[in-house]
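In UniProt numbering, the protein residues as written are 1 to 72.
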């Protein structure tokens, strides 16, 4: 027995949220590291692939308050 595919309604609900979180993480990287939007997306994708975590989840971790604070 196979799992039922995700309904298109759920996908439409989650897509804008995912895009928002990815956009926030992209902006954080651009500001912090003074890089282009394309470079920021490349870094997000590389981090996602390296950790085997979905891009939106990796971006959410990066966007969390204090996630990028330097260690003392």
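C-beta: ideal position from N, C-alpha, C; glycine also.
All values reported here derive from a predicted model rather than from experimental measurement.
Practice item. Keeping to the same chain, check which residues put their C-beta closer than 7 Å to that of residue 63; ignore five residues upstream and five downstream. Key: Non-local beta-carbon contacts of residue 63 in its own chain, meaning distances under 7 Å to residues more than five positions away in sequence, involve 21, 24, 25 and 28 in chain order.
Secondary structure, alpha helix (DSSP H): runs of 4+ residues fully inside the segment 7-68: Runs found: 8-33, 37-51 and 55-63.
Notebook entry, point to check: Looking at residue 30 and residue 46, is the spacing between their C-beta atoms short of 8 Å?
Noted result: Not a contact, by the Cβ cut-off of 8 Å.
In whole angstroms, give me the CA-to-CA distance for residue 52 and residue 65.
Residue 52 and residue 65 have their C-alpha atoms roughly 22 Å apart.
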